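For the sequence shown, the working numbering gives the first residue as 223, with consecutive numbering after it. Here is the structure we will look at.
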Amino acid sequence: MIGALLFGSLAVAGIAIGLDNDDDDNGTGPETGLDDLPAEPAEDLPTAGPDDLVLGDGDDFVESGTGFDTVHAGAGDDQVYSGDGMDVVYGEEGNDTLSGGSHHDILDGGTGDDSLSGDGGMDTLVGGDGNDTLSGGDWNDHLVGGSGFDLLDGGNGNDVLSGGAGMDTAFGGDGNDSISGGAFHDIVYGGDGNDVLSGDGGKDVLFGDSGDDTLNGGDWDDDLIGGDGADMLNGGNGNDALSGVNFSREVSPEEIDLLRDEGTPLTGLSLSDAADGADTLDGGAGSDFLLLGAGDTGTGGGGQDSFALYMSQDAEGVTSITDFTPGEDVVQLLFSADGGAVNADDYTVENDADTGDALILERGEIVARLEGAGETFTIDDLVLVGAE
Numbered sequence: 223m224i225g226a227l228l229f230g231s232l233a234v235a236g237i238a239i240g241l242d243n244d245d246d247d248n249g250t251g252p253e254t255g256l257d258d259l260p261a262e263p264a265e266d267l268p269t270a271g272p273d274d275l276v277l278g279d280g281d282d283f284v285e286s287g288t289g290f291d292t293v294h295a296g297a298g299d300d301q302v303y304s305g306d307g308m309d310v311v312y313g314e315e316g317n318d319t320l321s322g323g324s325h326h327d328i329l330d331g332g333t334g335d336d337s338l339s340g341d342g343g344m345d346t347l348v349g350g351d352g353n354d355t356l357s358g359g360d361w362n363d364h365l366v367g368g369s370g371f372d373l374l375d376g377g378n379g380n381d382v383l384s385g386g387a388g389m390d391t392a393f394g395g396d397g398n399d400s401i402s403g404g405a406f407h408d409i410v411y412g413g414d415g416n417d418v419l420s421g422d423g424g425k426d427v428l429f430g431d432s433g434d435d436t437l438n439g440g441d442w443d444d445d446l447i448g449g450d451g452a453d454m455l456n457g458g459n460g461n462d463a464l465s466g467v468n469f470s471r472e473v474s475p476e477e478i479d480l481l482r483d484e485g486t487p488l489t490g491l492s493l494s495d496a497a498d499g500a501d502t503l504d505g506g507a508g509s510d511f512l513l514l515g516a517g518d519t520g521t522g523g524g525g526q527d528s529f530a531l532y533m534s535q536d537a538e539g540v541t542s543i544t545d546f547t548p549g550e551d552v553v554q555l556l557f558s559a560d561g562g563a564v565n566a567d568d569y570t571v572e573n574d575a576d577t578g579d580a581l582i583l584e585r586g587e588i589v590a591r592l593e594g595a596g597e598t599f600t601i602d603d604l605v606l607v608g609a610e
């Protein structure tokens, strides 16, 4: 048993856990999910040409026309549907629903719990104050959550997402996305493509998913999971958990949302035996946990670090640990629970006199290299555990 695998934020290999939302925070997250936009208004206020429309304090329904329009929705719970022009829409006060239409639009929710949808075009969506839902749609969009507990979905395209203040959930979708969680406890999900994910402040969970991703945890205690592809994981400050090994199935956006907002643990997950690329993991400052697959490279950084080498992966490649410190760091060999009995005699440790490295061998084949460890690492230091 590894104990607190991934520091209690993931259910991996049968270890049931949940994400703790009780750190200096008495708020509760919103009900999230990309709901369908409300039905088209029964009475539209069409506009044509470049117009500047200023609405009153009621609950307004507006559909702009083909021109380049600017709409100030005012107070009230408003619904504004942009037409074929390149429009700028300000929701202002109230819980507003803003839809961008087919061109390049700018939508600003203002105060209140707003729902913004870019649809077609390269759109800019700003949630503002409140718990907002932002959906970019197709093309390359820019989404900014603002303050509050926001849900951001970039959709297709190479998107830029920023959660801002608050406990946010961000999904990059397809494309090469750049996502920043912001100042609080965030969940960031890259999706397909070569993504760059940053947790920034707070206790963050970053999922790279498919592609060659770069994950940066930032401050606090973060969990980073690379997914498929050759990923680079940087824990930053704090006691971080980094995984270069993928899961047996994809984790859905809905599950991630429930994990954060309601503490519902992920179920039916185990570590995948499939090859998933040569990853580079750097724990940074703090006492970190690094889960390494075949061909991965792990650097613990400062602090007392734990390195777990997943031995049941169906992949070739020598795992490297660059900064093992005797008396501080721990090296474990981790095996799948359904892989049968493990024979400890199959594993030996040797010193490479030419390089000064310590070598871990499985039936005579090198499976791991501890750079510079030499004779300071022996078979007595190696821990064999089952992932149960």
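All C-beta atoms, glycine included, are put in the ideal place defined by N, C-alpha and C. Note that the coordinates shown come from a computational prediction; the quantities given were computed from them, not determined experimentally.
Let's test the definition: count the other Cβ atoms within 10 Å of the Cβ of residue i and tell me whether it reaches 16, buried, or not, exposed.
i: I582; result: buried
i: D257; result: The predicted position of D257 is uncertain, since its pLDDT is 40 and thus under 50; no value can be drawn from it.
i: T346; result: buried
i: R591; result: buried
i: N468; result: buried
i: T541; result: buried
i: G271; result: With a pLDDT of 46 at G271, under the threshold of 50, the predicted position of this residue should be treated as unreliable, and no value is reported.
i: N248; result: Note that N248 scores 38 on pLDDT, short of 50, meaning its location in the model is unreliable; the coordinates nonetheless yield the value given after this. With fewer than 16 Cβ atoms within 10 Å of its Cβ, N248 is classed as exposed.
i: S286; result: buried
i: L455; result: buried
i: N565; result: exposed
i: S494; result: buried
i: N472; result: Per the sequence shown, residue 472 should be read as Glu rather than Asn. Answer is exposed; the Cβ neighbour count stays below 16.
i: T600; result: exposed
i: E262; result: Legend: pLDDT at E262 = 36, less than 50; position of this residue unreliable, no value from coordinates given.
i: T519; result: buried
i: T489; result: exposed
i: S357; result: buried
i: S402; result: buried
Thinking C-alpha only, which one of the options is nearest residue i?
i: L606; options: D372, M533, G596, A295; result: M533
i: D444; options: F406, D453, S474, G596; result: F406
i: T547; options: E597, E587, E584; result: E597
i: V589; options: V552, Q526, E550, E538; result: E538
i: V553; options: D545, G485, G388; result: D545
i: D381; options: H326, D372, H364, F393; result: H364
i: A496; options: D372, D536, H326; result: D536
i: D354; options: G342, G340, M344, F371; result: F371
i: G379; options: G313, G515, G342; result: G342
i: A387; options: V366, D375, S400; result: V366
For residue i, which residues does DSSP report across the bridge?
i: F546; result: DSSP output for F546 lists no bridge partner at all.
i: M454; result: T436, T502
i: I401; result: L383, L419
i: G608; result: F557
i: T355; result: S337, L373
Taking Cβ positions, are residue i and residue j nearer each other than 8 Å?
i: G448; j: G430; result: yes
i: G323; j: S304; result: yes
i: G413; j: D396; result: yes
i: D435; j: D453; result: yes
i: D422; j: G440; result: yes
i: D299; j: D274; result: no
i: G522; j: F529; result: yes
i: A595; j: D576; result: no
i: G377; j: N398; result: no
i: D330; j: V348; result: yes
i: L604; j: V571; result: yes
i: L513; j: G549; result: no
i: S369; j: D351; result: yes
i: F290; j: M308; result: yes
i: G506; j: D462; result: yes
How would you write the range of the beta strand (DSSP E) that residue i sits in, first residue to last?
i: E572; result: 569 to 574
i: L512; result: 511 to 514
i: S558; result: 552 to 558
i: L275; result: 274 to 276
i: G520; result: 519 to 521
i: L493; result: No beta strand (DSSP E) contains L493, which DSSP labels as neither H nor E.
i: T292; result: 292 to 294
i: H364; result: 364 to 366
Does the ligand ADP have even one heavy atom less than 7 Å from the beta-carbon of residue i?
i: L488; result: Among the components modelled here there is no ligand, and therefore nothing to report on the ligand ADP.
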